[in-house]
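First residue of the sequence shown: 3, per my numbering; consecutive thereafter.
Note that CB positions come from ideal geometry on N, CA and C, so glycine has one too.
Reviewing the structure listed below.
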Amino acid sequence: MSWGTELWDQFDNLEKHTQWGIDVLEKYIKFVKERTEIELSYAKQLRNLSKKYQPKKNSKEEDEYKYTSCKAFLSTLNEMNDYAGQHELISENMTAQIMVDLARYVQELKQERKSNFHDGRKAQQHIETCWKQLEASKRRFERDCKEADRAQQYFEKMDADINVTKADVEKARQQAQVRHQMAEDSKADYSSVLQKFNQEQHAYYHAHIPGIFQKIQEMEERRIVRLGESMKMYAEVDRQVMPIIGKCLDGIVKAAESIDQKNDSQLVVEAYKSGFEPPGDVEFEDYSQPMQRAVSDHSLSSSRGEGKAEPKFAGKSKGKLWPFIKKNKLVSLLTSPRQPPPPPPASASPSAVPNGPQSPKQPKEPLSHRFNEFMTSKPKIHCFRSLKRGLSLKLGATPEDFSNLPPEQRRKKLQQKVDELNKDIQKEVDQRDAITKMKDVYLRNPQMGDPASLDHKLAEVSHNIEKLRLEAQKFEAWLAEVEGRLPARRQSGLYDSQTAPAVNNCVQDRESSPDGSYTEEQSQESEAKVLAPDFDDEFDDEEPLPAIGTCKALYTFEGQNEGTISVAEGETLYVIEEDKGDGWTRIRRSEDEEGYVPTSYVQVYLDKNAKGAKTYI
């Protein structure tokens with residue numbers, strides 16, 4: 003099958019077909035180009051996605067990646083980054099191996115096609131010229147033949163006429179002979195041109211055109227083969243990266259299989275273990291004999307008149323109840339009047355009770371039973387030092403000894419700090435050794451440098467080492483204290499200058515108990531003195547207690563004791579805490595003015611819908 007023999011008369015159609023073939027090739031190049039752009043865009047989006055979820059340096063996210071599940075996720079992000087690299091490689095290979103080669107081939111194909119069809123048009127023009135020559139020779143022969151016939155007829159007519167002279171007949175005969183000769187010449191020329199044209203035409207249809215069309219056919223077949231090879235290369239480029247992509251996916255699967263839930267659970271324990279033990283049992287307070295109430299051995303408070311300085315919880319429960327007491331209730335407990343309320347005045351007149359009678363100093367109701375009502379699940383503070391630490395934390399300052407943390411977390415932080423300092427010390431020691439060796443070299447070879455020039459640097463490094471060692475000793479001492487190797491912080495002279503006097507009092511009287519809890523050895527007066535201001539600073543953001551009703555003052559009361567508030571007869575105020583059995587009711591005049599008044603001095607109207615309000619019949 004040959005286009006030269008089968009399509010000898012389809013020159014124009016072949017020209018259109020070959021142009022269409024080039025257009026198909028250019029369309030495929032455009033398709034591959036868009037595919038490479040998609041691969042690049044996809045790879046870029048994958049990289050941005052991986053980068054977006056990478057942990058930020060020096061942030062809390064880095065701590066999260068100690069868990070195996072987070073490590074697996076990080077491995078997935080890294081594998082996705084490699085996965086994106088493979089798509090970039092696909093784009094590069096398609097560009098280099100398909101687009102560039104095909105674009106160059108299309109240019110060569112256009113030149114070859116142009117040359118072949120130029121030769122075909124040239125052959126067409128030549129055969130058309132030969133045909134025009136043949137037509138001209140044929141018309142000339144036809145004309146000469148007609149002229150010879152007319153001349154012959156005229157001669158015969160003149161020869162048959164008796165009236166025509168012999169000279170005229172001779173002239174007509176000669177003219178006929180000339181025309182006949184001209185017709186013979188035209189015939190010979192026509193025959194020659196015709197023979198030449200036939201030869202040219204035979205060569206055109208059997209040699210020139212078949213040869214040109216054969217070249218065009220071969221060109222078109224090469225184009226088709228090249229397009230097929232490009233499509234194979236298109237698939238091969240994808241197939242080449244499949245093993246790497248498979249490894250990326252295998253890496254993700256392996257990372258997922260490496261997740262260890264038990265290990266993560268253990269890490270949670272290590273991260274949040276406080277080192278405290280659960281609170282002990284709350285001892286029973288006997289209220290069955292109200293007339294014989296006195297300060298028990300296990301009460302939290304003692305009478306100021308007796309001057310006792312050792313309020314304790316029974317057993318270990320004292321130090322362990324502090325973390326669970328809310329600010330409002332604890333402050334109200336500590337700032338409530340230390341005396342029984344005065345009796346109501348004998349008359350309804352305010353003048354009958356000037357300033358209210360002063361209540362005698364007598365043993366007050368034990369405070370420990372109140373803690374049963376104030377217990378909450380949110381741990382707050384473990385000792386008075388923690389109160390002060392809490393205030394410093396709110397201001398953005400972290401204690402150097404991490405004393406704001408629970409014992410176990412503090413131990414871990416201190417150990418981490420000691421390890422960092424040891425690494426820094428080792429670096430400085432290595433630098434000192436290097437400088438020392440260099441100095442020895444200078445001493446042996448003075449031409450290499452001045453040994454004295456290194457003395458300043460050596461002294462500086464030695465000073466840094468000494469400074470780091472002192473710092474490490476300080477943290478090691480704190481670590482030893484936490485781990486129980488030192489009896490108490492007060493025995494170390496490294497830290498006395500770093501703590502405030504009020505905090506020192508708390509620290510010096512605090513001892514680590516064997517079970518990891520803390521006990522406080524202080525008087526109730528020092529408790530109230532240190533605790534009250536620190537609590538106010540620590541819980542400035544706490545919401546005030548809601549009003550549970552209203553009350554109307556029956557008598558004038560001028561509160562002069564700490565925690566009381568003055569009221570005038572007939573004044574209406576809000577009730578925020580009802581009488582707990584001690585004869586005092588807590589009221590509020592405004593958000594910043596609240597305190598206790600004797601219950602017998604006011605008439606209380608509780609809101610039944612208020613939280614915590616009781617119904618009275």
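Inter-residue spacing [alpha-carbon to alpha-carbon] between residue i and residue j
{"i": "glutamate 231", "j": "tyrosine 207", "result": "35 angstroms"}
{"i": "glutamate 468", "j": "lysine 425", "result": "14 angstroms"}
{"i": "proline 344", "j": "valine 577", "result": "19 angstroms"}
{"i": "valine 606", "j": "glutamate 64", "result": "57 angstroms"}
{"i": "glutamate 39", "j": "proline 245", "result": "22 angstroms"}
{"i": "glutamine 135", "j": "glutamine 197", "result": "12 angstroms"}
{"i": "leucine 481", "j": "proline 409", "result": "10 angstroms"}
{"i": "phenylalanine 75", "j": "isoleucine 247", "result": "17 angstroms"}
{"i": "glutamate 202", "j": "alanine 209", "result": "10 angstroms"}
{"i": "methionine 221", "j": "lysine 234", "result": "20 angstroms"}
{"i": "aspartate 609", "j": "phenylalanine 286", "result": "32 angstroms"}
{"i": "arginine 37", "j": "aspartate 103", "result": "16 angstroms"}
{"i": "glutamate 28", "j": "tryptophan 133", "result": "40 angstroms"}
{"i": "lysine 148", "j": "histidine 182", "result": "9 angstroms"}
{"i": "valine 255", "j": "serine 276", "result": "36 angstroms"}
{"i": "asparagine 83", "j": "valine 26", "result": "36 angstroms"}
{"i": "glutamate 430", "j": "lysine 419", "result": "17 angstroms"}
{"i": "glutamate 485", "j": "asparagine 265", "result": "24 angstroms"}
{"i": "lysine 476", "j": "lysine 249", "result": "50 angstroms"}
{"i": "glutamate 375", "j": "leucine 407", "result": "Model confidence at glutamate 375 stands at a pLDDT of 46, short of 50, so the residue's coordinates are unreliable; what they give is reported in the following sentence. In a straight line, the C-alpha of glutamate 375 is about 27 angstroms away from that of leucine 407."}
{"i": "glutamate 114", "j": "methionine 184", "result": "50 angstroms"}
{"i": "threonine 167", "j": "methionine 160", "result": "9 angstroms"}
{"i": "glutamine 56", "j": "proline 401", "result": "31 angstroms"}
Beta-carbon gap between residue i and residue j smaller than 9 angstroms
{"i": "glycine 122", "j": "isoleucine 24", "result": "no"}
{"i": "arginine 471", "j": "isoleucine 427", "result": "yes"}
{"i": "threonine 620", "j": "alanine 555", "result": "Nothing about residue 620 can be reported from this structure: the residues present for the chain run from 3 to 619 only."}
{"i": "aspartate 262", "j": "threonine 78", "result": "no"}
{"i": "glutamate 259", "j": "lysine 414", "result": "no"}
{"i": "asparagine 2", "j": "serine 61", "result": "This structure does not reach residue 2, given that the chain is present from 3 up to 619, and the question cannot be answered."}
{"i": "proline 453", "j": "lysine 441", "result": "yes"}
{"i": "arginine 142", "j": "serine 188", "result": "yes"}
{"i": "alanine 105", "j": "isoleucine 31", "result": "yes"}
{"i": "isoleucine 100", "j": "glutamate 41", "result": "no"}
Residue of the options minimising C-alpha distance to residue i
{"i": "alanine 570", "options": "Ile578, Pro600, Asp594 and Gly585", "result": "Pro600"}
{"i": "glutamine 417", "options": "Asn406, Lys429, Glu478 and Gln433", "result": "Glu478"}
{"i": "alanine 205", "options": "Ala125, Gly248, Tyr156 and Ile246", "result": "Ala125"}
{"i": "alanine 150", "options": "Glu186, Lys168 and Arg228", "result": "Glu186"}
{"i": "glutamate 110", "options": "Glu94, Arg228 and Ile92", "result": "Arg228"}
{"i": "tyrosine 107", "options": "Arg224, Leu547, Cys132 and Ser61", "result": "Arg224"}
{"i": "lysine 112", "options": "Thr20, Phe404 and Gln268", "result": "Thr20"}
{"i": "lysine 582", "options": "Leu269, Cys132, Thr131 and Tyr598", "result": "Tyr598"}
{"i": "arginine 588", "options": "Asp403, Tyr557, Gly551 and Tyr289", "result": "Gly551"}
{"i": "lysine 68", "options": "Leu269, Tyr156 and Ala237", "result": "Leu269"}
{"i": "leucine 278", "options": "Arg412, Val463 and Thr97", "result": "The sequence as given places phenylalanine at residue 278; leucine does not occur at that position. Checking every option, the nearest Cα to that of phenylalanine 278 belongs to Arg412."}
{"i": "asparagine 95", "options": "Arg181, Lys159, Val239 and Lys168", "result": "Val239"}
{"i": "leucine 48", "options": "Asp11, Gln88, Pro57 and Phe33", "result": "Gln88"}
{"i": "glutamate 144", "options": "His120, Ser193 and Glu564", "result": "Ser193"}
{"i": "valine 180", "options": "Asn563, Thr97, Cys553 and Gln154", "result": "Gln154"}
{"i": "threonine 566", "options": "Thr558, Cys553 and Glu596", "result": "Glu596"}
{"i": "valine 604", "options": "Asp594, Glu580, Ser592 and Glu473", "result": "Glu580"}
{"i": "valine 463", "options": "Gly451, Lys476 and Gln433", "result": "Gln433"}
{"i": "aspartate 252", "options": "Gln12, Tyr85, Leu423 and Ser43", "result": "Tyr85"}
{"i": "phenylalanine 13", "options": "Cys250, Ile226 and Pro212", "result": "Pro212"}
{"i": "glutamate 473", "options": "Asp403, Ala178 and Asp163", "result": "Asp403"}
Same chain, Cβ closer than 7 angstroms to residue i, neighbours up to 5 away in sequence not counted
{"i": "leucine 9", "result": "Leu16 and Phe215"}
Contacts around residue i, its chain only, beta-carbon distance under 6 angstroms, and the 5 residues preceding and following it disregarded
{"i": "serine 568", "result": "Glu560 and Gly561"}
{"i": "glutamine 242", "result": "none"}
Residue span of the beta strand (DSSP E) that contains residue i, given as start and end
{"i": "glutamate 571", "result": "Careful: glutamate 571 lies outside any beta strand (DSSP E) and carries neither H nor E."}
{"i": "glycine 597", "result": "595 to 600"}
{"i": "leucine 554", "result": "Reading off the sequence shown, one finds lysine at residue 554, where the question assumed leucine. Taken as a continuous stretch (DSSP letters only), the beta strand (DSSP E) holding lysine 554 covers 551 to 555."}
{"i": "leucine 608", "result": "604 to 608"}
{"i": "tryptophan 586", "result": "586 to 592"}
First through last residue of the alpha helix (DSSP H) which encompasses residue i
{"i": "serine 117", "result": "102 to 162"}
{"i": "leucine 229", "result": "211 to 259"}
{"i": "valine 180", "result": "168 to 205"}
{"i": "tyrosine 30", "result": "13 to 54"}
{"i": "phenylalanine 404", "result": "Careful: phenylalanine 404 lies outside any alpha helix (DSSP H) and carries neither H nor E."}
{"i": "tyrosine 444", "result": "409 to 446"}
Neighbourhood of residue i by C-beta distance below 8 angstroms, restricted to the same chain and skipping five residues each side
{"i": "lysine 459", "result": "Ile437"}
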